[in-house]
Structures are given as C-alpha cells and as structure tokens.
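Written out below as structure tokens is the structure these notes cover.
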Amino acid sequence: MSISISAFSSTDTHINTLIDQAIETHPLVGSARAEQQATTESIRAAKLNLLPAPTLSSGYDRDDGMVSQFQLRQSLWTGGKLTANVNQALFDDKAATEYIYEQQNQVAKTTIEAWQSYITAVSKQQVYYDNLQLLTEFEEMMQRRVNQGVSARIEMDLVTNRILQEQNSYQAAVEQQRIAIARLEQITGRKLSAADLPVPNIGELVSYAKGYSQTFEKMAFDQASFYNPTVVKGHYQVEAAKQEVKSLQAARYPTFYAQYEYDYYHDENRNNNQNNSEGEFSVGLSYDPGAGLSNLALARASASRVNSLSQSKEASRRQVLETIQTQYQQFASAKDQERSLIAAVAGAQIVVSSYRRQFIAGRKSWLEVLNAVREHSQYQAQLVETRTSIIAAYYKLQVDFGMMPWQKFDQSRQPDPLFRPLDPVKNWFIRQDAARQVPDQAVIEPVVLQSDHVAKPKSATGVNTYSLPVNQ
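Here the sequence shown is numbered in the working numbering, starting from 73 and rising by one per residue.
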C-alpha cells in the first residue's frame, strides 16, 4: 500500500511540475501578468492624484516681456471623485489578478488534456503489443497446421490480416504519443525527455482518484462557483464599475482647492520689484460639468454598465456551475463505465481461452477465435480510454475547485476596506496614542512598623536603624 501511495504522489508531482512549467512560460499567462502590472501602476497613479498638482508655463506679454508662471494646486474636496478613482483602480487590480488565475486554469487544463493524450497513447501501445504477441503465437500455430494440411491456407491469411490491422492500431498509438509530446513541449516551452513523462499505473491511479474524490459531489453542487476565478473576476469588475459611477457622479459638484501661484518676470530691468514678491496663495472652486452637461450623461451610462456587468457575472456563474457539474457527471459516469469494462475485459479473456481450446477440439471456427481476440483488444482499449478520462477529469475538477498546490487564491481574496484619504492620518493618531499609553505598574516596597515611643537608633554612620519584630 505504501508503494502505491508513493506512486500516486509521484504522479501528482510530475503532473504538477508540467503545469508549473506551463503557467510560468505560457504567453497567455504572461500577457495577463503584464496587464496586472499595469493595473498596479494605475493604483499608484490614482493615489498620486491626491497630492498637489504643479504647473509651469511661460509666455510673452507686450508690456512685461517674457513671463514664467509656477502654480501649485491642491484639491480640498472633489465630491469623492479622487477617492472613487483609487477604489476603482484597486478593484481593477483585483480583477486583473483573477484574470491571471483564470488563464492559469485554462493553461493547466490544456496541459492535463495533452498529458491525458500521452498516457492514453502509451497505455494503448501496451495493449496492442500484448495482442500482437498473442496473434503472432496464433500465426505460428496456424503455420504448423497449414504445413500439416490440417487447416486451409485462407485461415493463415486471415490471421496475417488481423496482425496487420493490429500493427496499424499500434502505429496510430505511437503517432498519438508523438503528437502529445509535441503539444506538451509547445505548452511548457521546453524540450521534454522520457524522464519528464513517466507513465503511471493507470489502474492504481484510478483507484486512488476515486478515494480522494469523495467530496467532489458536494463541492460541485454547493460551492463550486466560489473557487472559480471567472466568477470572482466578474464580481470585482462590477465593484470597479460602481466606483467609476461614483467618480462620474462627482461632476455634479464643484471642486474646492487651495492654490499657490508665483510669476517670474525675465526682464529684470523693467520688473525687478515684482520678482521679489513671494507669490500669491488663494482658495477657490471650479465647476466643470462638461459640454452640454455630458459628464452627467456619462454617469448614467456607467450606471447602466454596472447592471450589464452584474448580469454578465450571473451568467458566468451559471455557466461555470453548469460546466463543473457536467464534468462531474461525466467523471461519475466514467467510474461506473470502468466497472463494466473491467468485467467485460475479464469475460472476453475467458472467451478467448475457451474458443482457443474449442477450436483445437473442432467445435469453434478460426474466425470465431480471431473475432474473440479482437473483441478482447477493443475492450482493453476502451478501458484504457475510460481510465485516462477518469484521471484527467479528477485533475480538472481539482483545478476548478482550487485544490492544486500551485493555486494561491487566498492571497488576493482577503477582504480589504475601501480606500479613504483620511485613513493614514487616523492610523497615525492611533499609533501615537498607543505609544503614549504606558501600562500602570504597581511598585511594592517593604514597610517596617515601629512604635511611636521608641527612639530611632542610629548607627555609627548616622543612618537610622530599626530592629525587626520577632513573632512570639
């Protein structure tokens, strides 16, 4: 049992290694990561908009000559526009992170499908090889019977034809293996050796996949959508759109600002006194509703877009649930089919052995024996396909449920409060209060009781000394 568990763990390691290599090098994931880096920079840019905005300009005046103007404007109140822009950037960044996870899942499933094709091809080769060995044995037996005149030449031709058919099936499996390796190399972006693609014992692997998938049914029908990045991405997109609406709705209000302005006159001979001024400080407001109050119309359009994204999110959730539940049903059906095929393979093997004996006894024809051999081979090939489909479905469901070791969804799905400009100030005051609060410590000092009528003796050094009372 320990050897089997070790083999199962080894297979897990190999498939996860292939997936790790694929998601690290695949351009779909790389593109999603680049997009996420852009949204991260958008957060920084949105927060920088909270700082004072400098402006420097130069111009020529007929009276004053060349004049340069420096202006520094700090927005005091924008109706919530700047705050909404920061929160929108935060949600856009979370949506971009979920898009990375979505692309990783897609690449992982593609890798699993290519790996499934590989192990199917290799396992089928073993089936066809064993069947060719049996047919070769039959050919030698029939050759002896033909030489002895016991059987007709046509029966020799019949077994030769069956050998050619089996060789074609074997070559098709070899070609399928080559194509699967080429696909895996394209997906992972590197050359793969035989050590990178060990073939597991699919029978044992199916047994352990069945044991480890006991909770899949509950997860598929209860909480599958929670783990899927497509659904979570849709949620963050809706929240980002809501913040965009808030930003556009802020155009209904004026913007209050504080401004410092300094003019520098290059013609010092004419305007030297003016250059010595310290500039002007002012407080004002501005209002920009857009041409024809277009900003208000944009706010209404964005509100409609929120509703559209909400509907798209619900549609994605239903589609994800349908896909996962259908995949689980196929997984469960394949497990039932495997049991039937195991019985069919065992029964076909018994028929082959029985027909072989009956042919020698003259009760079965040579064609019936070869048909029994072909039926046994077909059942074995179907069993291989069913088992590899079970294994692939097991790993795909793990991807959908977020159970693979390379999936770190918790890092980006922690509940974060919305950004507020005054939060850093509040946090600073909280830290200052915590630093000033020193816990009270009780200092215990020994107390010596003495009668008021007893004189305080002094030592030779002039220090008062006391005698401690003795309990009677």
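Even glycine gets a Cβ: it sits at the ideal position worked out from N, Cα and C.
In this text the structure is predicted, and so the values were computed from the model without any measurement.
| Check | Outcome |
| --- | --- |
| Buried/exposed call for P541, threshold 16 Cβ in 10 Å | Residue placement at P541 is poorly supported in this model, since its pLDDT is 42, which falls under 50; the coordinates are not used for a value here. |
| Three-way DSSP call (helix, strand, coil) for E257 in this model | helix |
| Cβ-heavy atom distance, H98 to the ligand COA, below 7 Å | As far as ligands go, the structure on display features none, and thus does not contain the ligand COA. |
| Segment contact flag, the stretch 106 to 120 with the stretch 196 to 204, C-beta cutoff 8 Å, min 3 pairs | no |
| At least three beta-carbon pairs within less than 8 Å, the stretch 324 to 340 to the stretch 124 to 141 | yes |
| Straight-line Cα distance separating V423 from W438 | 13 Å |
| 8 Å Cβ cutoff met for A464 and E185 | yes |
| Buried or exposed (CB count within 10 angstroms, at least 16 for buried), Q321 | buried |
| Environment of R116 [buried if 16+ CB atoms lie within 10 Å] | exposed |
| Three-pair Cβ contact test at 8 Å for the stretch 216 to 225 versus the stretch 476 to 492 | no |
| 3-residue-minimum beta strand (DSSP E) runs that sit fully inside the stretch 277 to 304, ordered along the chain | none |
| Complete beta strand (DSSP E) runs within the stretch 414 to 483 (minimum length 3 residues, chain order) | none |
| 8 Å Cβ cutoff met for A323 and A254 | no |
| I91 versus L381 - alpha carbon distance | 31 Å |
| Contact under 8 Å by Cβ, N157 with N121 | yes |
| Cβ-Cβ separation, A444 to A416 (assumed contact under 8 Å), whole Å | No, A416 and A444 are not in contact; Cβ-Cβ is about 12 Å, not under 8 Å. |
| First and last residue of the uninterrupted alpha helix (DSSP H) at T183 | K153 to N219 |
| Touch test, the stretch 427 to 435 against the stretch 391 to 404, Cβ-Cβ under 8 Å, three pairs minimum | no |
| Classification of S449 by the beta-carbon crowding that lies within 10 angstroms, buried from 16 upward | buried |
| Buried or exposed by the 16-neighbour rule on C-beta atoms within 10 Å, applied to A118 | buried |
| Cβ pair T327, L357 closer than 8 Å | yes |
| For F491, three-class secondary structure by DSSP | coil |
| Residues of its chain near A317, where Cβ-Cβ distance is below 7 Å and the 5 sequence neighbours each way are ignored | Strictly speaking, residue 317 in this sequence is Val, with Ala absent from that position. Counting only Cβ-Cβ distances below 7 Å, and skipping sequence neighbours, we find A371, S374, A375 and V378. |
| Contacting residues, own chain, Cβ-Cβ under 8 Å from N88 (five flanking each side not counted) | M476, P477 and W478 |
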